[in-house]
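According to this note's numbering, the sequence shown is numbered sequentially starting from -13.
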Amino acid sequence: MAKQGVLAVVSGFSGAGKGTVMKALMEKYDNYSLSISATTRDPRPGEEHGREYFFVSEAEFERMIASDALIEYTRYVNHYYGTPRAYVESQMAEGRDVILEIEIQGALNIRKKFPEAVLIFVVPPTIEELKRRLLGRGTETPEVIEKRLKRAYEESDGMELYDYIVVNDTVDECVERLHGIICAQHEKTAVNGELIARMKKELKEMTEQ
Ligand code: 5GP
């Protein structure tokens, strides 16, 4: 059986360029599976059901909560967002590294359920740059941008709880830093329980003969 994959949570302020970095990471390396979340928000122009998100109704989302089909969920800017369980568990069991691109409450809930997960927070080089990137996207109303900046301020409160802070200066460098961190996570004691147990058992058997 393949060794269990790593669960990596990637968060960052809204507009920090996480999406672009994730896409580049997926294109460059083939060991990653990006989890697709369910949400009750409306699709933005260009977004597709089953690609960026599973866009579902409130009632459908609440059914998913009730049937334990989500490993975590939260409410963010008046909508539900959650991570479907089946995909994450099956991909990890196949030895693939699963990436959850989720916000801080979800990240902290994942850490409680999966203590061996690695939590990475992506930041823009400066806050001026964050604001510039938010305005540059041009798909949100000024009210939503203001809400997101406020939320970014709230989220900065929890940045120090992540395992790693990665600056997104250029996409390529950011991709390499993320890949390096996730590769190193494979060697963590916490994800090598099986290896440790097997070696101890073999050593015990050999020394008992
Ligand atoms: P957006 O509406 O801009 O696509 O996403 C808003 C926020 O929700 C982002 O911070 C994004 O990372 C987060 N998010 C997306 N999917 C999930 C999820 O399944 N769970 C949680 N907790 N947050 C999510």
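Glycine included, each C-beta is placed from N, C-alpha and C at the ideal position.
With three or more beta-carbon pairs closer than 8 angstroms as the criterion, would you say the stretch 122 to 135 touches the stretch 5 to 18? The stretch 122 to 135 and the stretch 5 to 18 do not touch, with fewer than 3 CB-CB distances between them shorter than 8 angstroms.
Under 7 angstroms, do Ser69 and Glu44 count as touching if we go by C-beta distance? Stepping through the sequence shown from its first residue, residue 69 is reached at position 83. Stepping through the sequence shown from its first residue, residue 44 is reached at position 58. According to the sequence provided, residue 69 is Thr. The question's Ser does not apply to it. For the pair Thr69 and Glu44, the CB atoms are not nearer than the 7 angstroms cut-off.
Which runs of the alpha helix (DSSP H), 4 residues or longer, sit entirely within the stretch 83 to 118? DSSP assignment within the stretch 83 to 118 yields the following whole alpha helix (DSSP H) runs of 4 residues or more, N-terminal first: 90 to 99.
Bridge partners for Ile151 per DSSP, in chain order? Counting from one through the sequence shown, the residue named residue 151 turns up at place 165. Paired residues: Phe107.
Find the nearest neighbour of Gly(-2) within the set Glu173, Gly144, Thr193, judged by alpha-carbon distance. As a working mapping, residue -2 is identified with position 12 in the sequence shown. Looking at the Cα atoms, Gly144 is the closest of the given residues.
Are the beta-carbon atoms belonging to Asn154 and Ala55 less than 7 angstroms from one another? Numbered from 1 along the sequence shown, position 168 holds the residue referred to as residue 154. Numbered from 1 along the sequence shown, position 69 holds the residue referred to as residue 55. With respect to the 7 angstroms criterion, Asn154 and Ala55 are not classified as neighbours on the basis of their beta carbons.
Quick one: complete beta strand (DSSP E) runs, 3+ long, within the stretch 27 to 65? DSSP runs (the beta strand (DSSP E)) wholly in the stretch 27 to 65: 39 to 41, 56 to 62.
Just verifying my parser: in three-state terms, what is the DSSP assignment at Thr127? Along the sequence shown, read from residue 1 onward, the residue named residue 127 stands at position 141. Three-state result, Thr127: coil.
How far does the alpha helix (DSSP H) with Ala24 in it reach, from first residue to last? Taking the sequence shown and counting its residues from 1, one reaches residue 24 at position 38. No alpha helix (DSSP H) contains Ala24, which is instead part of the beta strand (DSSP E) from 23 to 25.
Using 7 angstroms as the threshold, is the C-beta distance between Tyr62 and Glu89 below it? In the sequence shown, residue 62 corresponds to position 76, counting from 1. In the sequence shown, residue 89 corresponds to position 103, counting from 1. The Cβ atoms of Tyr62 and Glu89 sit closer than 7 angstroms to each other.
How far does the beta strand (DSSP E) with Gly(-2) in it extend, from its first residue to its last? One-based indexing of the sequence shown puts residue -2 at position 12. That run of the beta strand (DSSP E) goes -7 to -2.
Beta-carbon proximity list for Pro29, same chain, < 8 angstroms, skipping 5 on both sides: If you number the sequence shown from 1, residue 29 lands on position 43. Counting only Cβ-Cβ distances below 8 angstroms, and skipping sequence neighbours, we find His35, Glu38, Tyr39, Phe41.
Would you tell me roughly how many angstroms separate the C-alpha atoms of Lys9 and Glu33, rounded to the nearest one? Start at 1 with the first residue of the sequence shown, and residue 9 comes out as number 23. Start at 1 with the first residue of the sequence shown, and residue 33 comes out as number 47. Take the alpha-carbon of Lys9 and the one of Glu33: they are about 14 angstroms apart.
Between which two residues does the beta strand (DSSP E) containing Tyr18 stretch? Within the sequence shown, numbered from 1, the residue matching residue 18 stands at position 32. Here the beta strand (DSSP E) through Tyr18 covers 18 to 20.
Using the rule of at least 16 other Cβ atoms within 10 Å of the residue's Cβ for burial, across every protein chain shown, is Asp158 buried or exposed? Numbered from 1 along the sequence shown, position 172 holds the residue referred to as residue 158. With fewer than 16 other Cβ atoms within 10 Å, it is exposed.
Cβ shell of His65 (< 7 angstroms), same chain only, five flanking positions each side left out: Residue 65 sits at position 79 when you count from the first residue of the sequence shown. Correct list, in chain order: Thr25, Thr26, Arg27.
Cβ neighbours of Ile22 in the same chain (closer than 8 angstroms, five flanking residues each side left out): On the sequence shown, residue 22 is found 36 positions in, with the first residue counted as 1. Taken in chain order, the residues that qualify are Gly36, Arg37, Glu38, Tyr39, Phe40, Pro70, Tyr73.
Where do the ends of the alpha helix (DSSP H) carrying Asp158 lie? Your numbering for residue 158 matches position 172 in the sequence shown. Per DSSP, Asp158 is one residue of the alpha helix (DSSP H) stretching across 157 to 171.
Between Glu87 and ligand 1, is the CB less than 6 angstroms from at least one heavy atom? Looking up residue 87 in the sequence shown gives position 101. Taken from the Cβ of Glu87, at least one heavy atom of ligand 1 lies inside 6 angstroms.
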